[in-house]
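Enquirer:
Residue numbers (our numbering): 2 to 334.
So this is what it looks like as structure tokens:
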């Protein structure tokens, strides 16, 4: 089928509307008619080829909410007409030990929604049915897009690592990821601290669920306090202070894509069994659980809506940090 897309022809170039060919869905695939698509900083990184993964012309967009309009062999045709959400991953092999063990997001044959294929800033997008997740009636579909990437990214360290509801959790960076992490950790039952370089965000952080807001520069006063620190920042930090703020058996969960190495003294880990982990989104099962959790606890991203035709405006504003806290582009493309 011929579809409308917003694509960039080279790194750093603005997007322009074009027509592309979308093949018929193969076995276990389905096609979504795109209704809404969130704009993530990873889209900007791909547009700049910051990670060396991009191929052009590039159609970004991986926080998709759409309606199933076509299905391939092996997909229940009753899905046609239903709402689904799609994030960074659009397919996995389904037969390796990772997929069979519930860690499909760690599959060695992952298909990314915007790496080597057409993403969701388009009229239609294709995905494997396992990764197109139902949206509960209790979650507003027009605001749900950012949950399928940003949301599950910060939900994963809580559910996949079985964090206790009595844990003391700190979140570094109160932005597109951090404002969701605060909501999840508070609803999880944790004592939640927001760590920020922007004092003006204090009241917003409390509104999102933080019990306390601490300036990142004052982290040295929190030595040995946190069971889990979720770091959403992609900037280099005072890593000794960050590690030092962990309690015995505490863990730094790194989500921000810091390009420089993170220096850590071995004895800062050894003496109190601290650890550093990270995660790439999560499995389809965790995505379903996250959506149910959001519906139950009223968790939603703070979004600003723009029509898809204003995509370049949204990208430039995101580059400047001029958004609180996520953009959602509304179709049609």
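Where is the CB? At the ideal position from N, CA and C, for every residue including glycine.
On the DSSP letters alone, give me the boundaries of the beta strand (DSSP E) that residue 308 sits inside.
Expert: Counting from 1 along the chain shown, the entry for residue 308 is found at position 307. Residue 308 -> beta strand (DSSP E) spans 304–308.
Enquirer: With a threshold of 8 angstroms, are at least 3 pairs of Cβ atoms found where one atom belongs to the segment 81–97 and the other to the segment 112–119?
Expert: Taking 8 angstroms as the limit for Cβ pairs, the verdict is that the segment 112–119 does touch the segment 81–97.
Enquirer: Let me confirm a value: residue 13 is counted as buried when at least 16 other C-beta atoms fall within 10 Å, else exposed. Which label applies?
Expert: Position 12 of the chain shown, counted from the start, is the residue given in the question as residue 13. With fewer than 16 other Cβ atoms within 10 Å, it is exposed.
Enquirer: Does the segment 149–169 come close enough to the segment 61–80 to have 3 or more Cβ pairs within less than 8 angstroms?
Expert: Enough Cβ pairs lie closer than 8 angstroms, so yes.
Enquirer: What residues in its chain sit with their C-beta under 8 angstroms from that of residue 318, if we drop five residues either side in the sequence?
Expert: The sequence position of residue 318 within the chain shown is 317, counting from 1. The residues are 324 and 328.
Enquirer: Cα-Cα, which of 56, 118, 3 and 128 is closest to residue 27?
Expert: Looking up residue 27 in the chain shown gives position 26. Among 56, 118, 3 and 128, the Cα nearest to that of residue 27 is on 128.
Enquirer: Note the first and the last residue of the continuous alpha helix (DSSP H) segment covering residue 42.
Expert: Indexing the chain shown from 1 puts residue 42 at position 41. Start and end: 42–48.
Enquirer: Given this structure, state the Cα-to-Cα distance separating residue 6 from residue 84, to the nearest angstrom.
Expert: What you label residue 6 is simply residue 5 of the chain shown in a count that begins at 1. What you label residue 84 is simply residue 83 of the chain shown in a count that begins at 1. One C-alpha to the other measures close to 20 angstroms.
Enquirer: Can you grab the Cα-Cα spacing for the pair residue 243 / residue 253, in whole Å?
Expert: For the purposes of this step, residue 243 is taken as the residue at position 242 of the chain shown. For the purposes of this step, residue 253 is taken as the residue at position 252 of the chain shown. Approximately 8 angstroms between the Cα atoms of the pair.
Enquirer: Given this structure, state the Cα-to-Cα distance separating residue 141 from residue 74, to the nearest angstrom.
Expert: In the chain shown, residue 141 corresponds to position 140, counting from 1. In the chain shown, residue 74 corresponds to position 73, counting from 1. Each residue's Cα considered, the two are about 30 angstroms apart.
Enquirer: By Cβ distance, which residues of its chain are closer than 7 angstroms to residue 281, with the 5 residues on each side in sequence left out?
Expert: As a working mapping, residue 281 is identified with position 280 in the chain shown. Hits under 7 angstroms: 106.
Enquirer: Tell me the rounded alpha-carbon separation between residue 234 and residue 259.
Expert: On the chain shown, residue 234 is found 233 positions in, with the first residue counted as 1. On the chain shown, residue 259 is found 258 positions in, with the first residue counted as 1. Near 8 angstroms, if we compare the C-alpha coordinates of residue 259 and residue 234.
Enquirer: Is it the case that the Cβ atoms of residue 406 and residue 289 are separated by a distance below 9 angstroms?
Expert: Outside the shown range of the chain, which is 2 to 334, sits residue 406, and nothing can be said about it.
Enquirer: Assign residue 287 to one of two classes, buried (16 or more other C-beta atoms within 10 Å of its C-beta) or exposed (fewer than that).
Expert: Numbered from its first residue, the chain shown carries residue 287 at position 286. It is buried - the Cβ of residue 287 has at least 16 other Cβ atoms within 10 Å.
Enquirer: If you draw a straight line from the C-alpha of residue 248 to the C-alpha of residue 57, how long is it?
Expert: By one-based count along the chain shown, residue 248 stands at place 247. By one-based count along the chain shown, residue 57 stands at place 56. The alpha-carbon atoms of residue 248 and residue 57 are separated by roughly 46 angstroms.
Enquirer: Does residue 38 come out as helix, strand or coil in the three-state DSSP assignment?
Expert: Locating residue 38 in the chain shown gives position 37, where the first residue counts as 1. Looking at residue 38 - three-state DSSP - the assignment turns out to be strand.
Enquirer: Since residue 127 is in the beta strand (DSSP E), which residue starts that stretch and which ends it?
Expert: Position 126 of the chain shown, counted from the first residue, corresponds to residue 127. Per DSSP, residue 127 belongs to the beta strand (DSSP E) from 125–129.
Enquirer: Does residue 261 pass the burial test, meaning 16 or more other C-beta atoms within 10 Å, or should it be called exposed?
Expert: Taking the first residue of the chain shown as position 1, residue 261 is located at position 260. Burial call: exposed.
Enquirer: If you drop the 5 nearest sequence neighbours on each side, which residues of the same chain put their C-beta closer than 8 angstroms to that of residue 183?
Expert: Counted from its first residue, the chain shown places residue 183 at position 182. Hits under 8 angstroms: 172, 175, 193, 195, 206, 209, 210 and 211.
Enquirer: In terms of DSSP beta bridges, what is residue 196 paired with?
Expert: Working through the chain shown from its first residue, we reach residue 196 at position 195. Answer is 173 and 215.
Enquirer: With DSSP run on the structure shown, which of helix, strand or coil describes residue 70?
Expert: As a working mapping, residue 70 is identified with position 69 in the chain shown. DSSP places residue 70 in strand when its eight states are reduced to three.
Enquirer: Beta strand (DSSP E) containing residue 248: first to last residue?
Expert: The sequence position of residue 248 within the chain shown is 247, counting from 1. Element bounds for residue 248: 247–255.
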